[in-house]
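A short write-up of the structure that comes next.
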Amino acid sequence: MVSMSPPPSSAEAPWTVATVSSMLRDWISRLGAVWIEGELTSWNVRGGHVYAKLRDLEGDATLSVNVWRSVAEKLDGEFSQGDRVIVHAKPDFWVKGGTLSLQAYDVRHVGLGELLERLERLRRQLSSEGLFDPARKRALPFLPGTIGLVTGRDSDAEKDVRRNAELRWPAVRFRTIHTLVQGDRAAADVASALLELDGDSEVDVIIVARGGGDFLHLLPFSDESLVRVVASLATPVVSAIGHEADRPLLDEVADLRASTPTDAAKRVVPDVAEQLAIVQQGRSRAFSAIANRIASETRGLEQLRSRPAIAHPSWIVDQRGDELMRYAARADELIVSRVDREGERVRSLATHLRALSPQRTLDRGYAIVERIDGDGDGDAPGRIEHRDVVRSWSDAPTGAALRIRLADGRVEATATGGEPIETPAAGRDGVGGRS
Numbered sequence: 000m001v002s003m004s005p006p007p008s009s010a011e012a013p014w015t016v017a018t019v020s021s022m023l024r025d026w027i028s029r030l031g032a033v034w035i036e037g038e039l040t041s042w043n044v045r046g047g048h049v050y051a052k053l054r055d056l057e058g059d060a061t062l063s064v065n066v067w068r069s070v071a072e073k074l075d076g077e078f079s080q081g082d083r084v085i086v087h088a089k090p091d092f093w094v095k096g097g098t099l100s101l102q103a104y105d106v107r108h109v110g111l112g113e114l115l116e117r118l119e120r121l122r123r124q125l126s127s128e129g130l131f132d133p134a135r136k137r138a139l140p141f142l143p144g145t146i147g148l149v150t151g152r153d154s155d156a157e158k159d160v161r162r163n164a165e166l167r168w169p170a171v172r173f174r175t176i177h178t179l180v181q182g183d184r185a186a187a188d189v190a191s192a193l194l195e196l197d198g199d200s201e202v203d204v205i206i207v208a209r210g211g212g213d214f215l216h217l218l219p220f221s222d223e224s225l226v227r228v229v230a231s232l233a234t235p236v237v238s239a240i241g242h243e244a245d246r247p248l249l250d251e252v253a254d255l256r257a258s259t260p261t262d263a264a265k266r267v268v269p270d271v272a273e274q275l276a277i278v279q280q281g282r283s284r285a286f287s288a289i290a291n292r293i294a295s296e297t298r299g300l301e302q303l304r305s306r307p308a309i310a311h312p313s314w315i316v317d318q319r320g321d322e323l324m325r326y327a328a329r330a331d332e333l334i335v336s337r338v339d340r341e342g343e344r345v346r347s348l349a350t351h352l353r354a355l356s357p358q359r360t361l362d363r364g365y366a367i368v369e370r371i372d373g374d375g376d377g378d379a380p381g382r383i384e385h386r387d388v389v390r391s392w393s394d395a396p397t398g399a400a401l402r403i404r405l406a407d408g409r410v411e412a413t414a415t416g417g418e419p420i421e422t423p424a425a426g427r428d429g430v431g432g433r434s
């Protein structure tokens, strides 16, 4: 049956809502089925039928998708929010509700082969840039003061990390930021949380935790921008995505890859019981080493004390005492002998000195005649006199005042004249004279 077109509308003769709705339905129904790629933002099953939302991967556009029970029962695989899919659907306009939706005939996950190829190319590129180099990976702190945790809200991964960490070290502290963990917006959300935690000076290590999932659900953790953010952080990062078969790129760039969130807690936080046992073992070894050293030194001391020189030290004093007595006696002998020799030498020198002394000459009967020039008593205070030894008769003219020095005193005299004596020069001693 061919529908008849209504007459043109005007202000005087407007179309009814039913007319417009029917025309839209008829026009849309003539559109064919198309293949559409997008991200599922919802996937709700009611009465066997599926009511979903499909969002554009780049632009801000969303379409409703209805999958009737007959089609849903034939779909391969499980679908959930965040999945990247392609849908074979035909546009459908519901007149009663006035809504446009897509009636799906087939829903498929995006081809894994293509995604794996893209991921492998990105993996090689980032590896060539050195982002996966083990040399750039940082060591985790032995006992972090605060652990940064990036995970989904109310997730089992968060519970596993916190429970196991607190069991191992009850005083551990967390700063947790909840983010999306799947879907196209998850990568940016996780990167933002990482940057925030990296800027917190109290956070010593960061754990990114997710409780596993299929390959498509883990795609955000292979996002290039997220990987580069992790490589730029100053704080060590632990990847605990919990999926062994398909390793996301976050595992490669992280400083440590944990197989599960539980493993991450064990790798980041030491076990207080183990540490106490290690301390106790160390103390025991230290005490044992000290005890052994004391015992060894005691044995050595006993050995030293058992030696004759230490056990009976008086023999050293006795032996050295005898030697000292011999040395002392010998020293006395040498000193007495030296004193005697030097005394004899002194006496000899004294005798020789006396033999050469003028007094010795006077004792033999000779005298010393001196001529005195001056007035008054020679012993009077203030008197000035000059004395010269008379060596010749001419040195004592008549009237000259003379002083004759004898062995036991002196005599004052006055010269009354003199004459030379003809004697051999060798017989003159120069000290005698005639007065």
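Residue numbers (numbering that gives the first Met the number 0): 0 to 434. Glycine is no exception: its CB is placed at the ideal position from the N, C-alpha and C atoms.
Item, Value
"Do the region 175-195 and the region 86-104 meet, that is, are 3 or more Cβ pairs less than 8 Å apart?", "no"
"Which partner residues does G37 have in the DSSP bridge list?", "V84"
"Looking at C-beta atoms only, is the number of pairs between the region 15-31 and the region 65-83 that lie closer than 8 Å three or more?", "no"
"Closest Cβ-Cβ distance between G320 and chain B: below 8 Å?", "Considering every chain present, this structure includes no chain B. It has just one protein chain."
"Looking at the secondary structure, which residues open and close the beta strand (DSSP E) in which V237 lies?", "236-239"
"Would you list the one or two residues that DSSP bridges to K89?", "Q102"
"Considering only the alpha carbon of each residue, which of R68, R266, W34, Y326 lies closest to A138?", "R266"
"Excluding the 5 residues preceding and the 5 following I27 in the sequence, name in chain order all residues of the same chain whose CB lies nearer than 6 Å to its CB.", "P90, F92"
"Going by DSSP in three states, A450 sits in which element: helix, strand or coil?", "With the chain running from 0 to 434 in the structure shown, residue 450 is simply not present."
"In angstroms, rounded to a whole number, what distance separates the CA positions of N163 and S69?", "46 Å"
"For V171, name the three-state secondary structure that DSSP assigns.", "coil"
"Please state the DSSP three-state secondary structure of A32.", "coil"
"Would you mind listing the alpha helix (DSSP H) stretches within the region 134-191 that are 4+ residues and don't spill past its ends, in chain order?", "155-167"
"Considering only residues of the same chain and omitting the five flanking positions on each side of P13, which have a CB-CB separation below 8 Å?", "none"
"So, do the region 357-364 and the region 387-400 have three or more beta carbon pairs nearer to each other than 8 Å?", "no"
"Taking S231 as the reference, give the member of K158, R329, K136 with the closest Cα.", "K136"
"In or out: H216 buried (at least 16 other Cβ within 10 Å) or exposed?", "buried"
"Taking the beta carbon of T478 as the centre, do at least 16 other beta carbons fall within 10 Å, making it buried, or is it exposed?", "Because residue 478 is not part of the residues shown, which for the chain are 0 to 434, the question remains open."
"Please list, in chain order, all residues of the same chain as T175 whose beta carbon is under 6 Å from its beta carbon, the five residues on each side excluded.", "L148"
"Closest to E38 by CA distance: which of E273, L218, A354, R123 is it?", "L218"
"Report the option in V202, G408, L401 whose CA atom is closest to the CA atom of T415.", "L401"
"Just grab the DSSP bridge partners of I205 for me.", "G147, V236"
"Pop quiz: R404 and I367 are said to be a contact at Cβ under 8 Å. What is the actual Cβ separation, rounded to whole angstroms?", "4 Å"
"Would you kindly work out how many angstroms separate the C-alpha atoms of W67 and G47, rounded to a whole number?", "7 Å"
"Please name the residue, chosen from D105, I293, P235, that lies closest to K73 on a Cα-to-Cα basis.", "D105"
"Is the Cβ-Cβ distance between S63 and S100 less than 8 Å?", "yes"
"Can you check whether the CB of D222 is closer than 8 Å to the CB of V237?", "no"
"Using only alpha-carbon positions, find the residue among D197, D262, E251, T350 that is nearest to V226.", "E251"
"K52 lies in the beta strand (DSSP E); which residues open and close that run?", "48-54"
"Can you give me the C-alpha to C-alpha distance between L355 and R346, rounded to a whole angstrom?", "14 Å"
"My assumption, with CB atoms under 8 Å, is that N65 sits in contact with A103. Please give the rounded CB distance.", "7 Å"
"Please classify A272 as buried or exposed, where buried requires at least 16 other C-beta atoms within 10 Å of its C-beta.", "exposed"
"Using only CA atoms, which one of E11, L323, R107, G31 lies nearest to L53?", "R107"
"According to the neighbour-count rule (16 or more other Cβ atoms, all chains shown, within 10 Å of its Cβ), is I240 buried or exposed?", "buried"
"Just list the alpha helix (DSSP H) runs in the region 290-322, keeping only unbroken ones of 4 residues or longer that don't cross its boundaries, in chain order.", "307-310"
"Which same chain residues, not among the five before or five after A71, have their C-beta less than 8 Å away from its C-beta?", "V44, G47, H48, V49"
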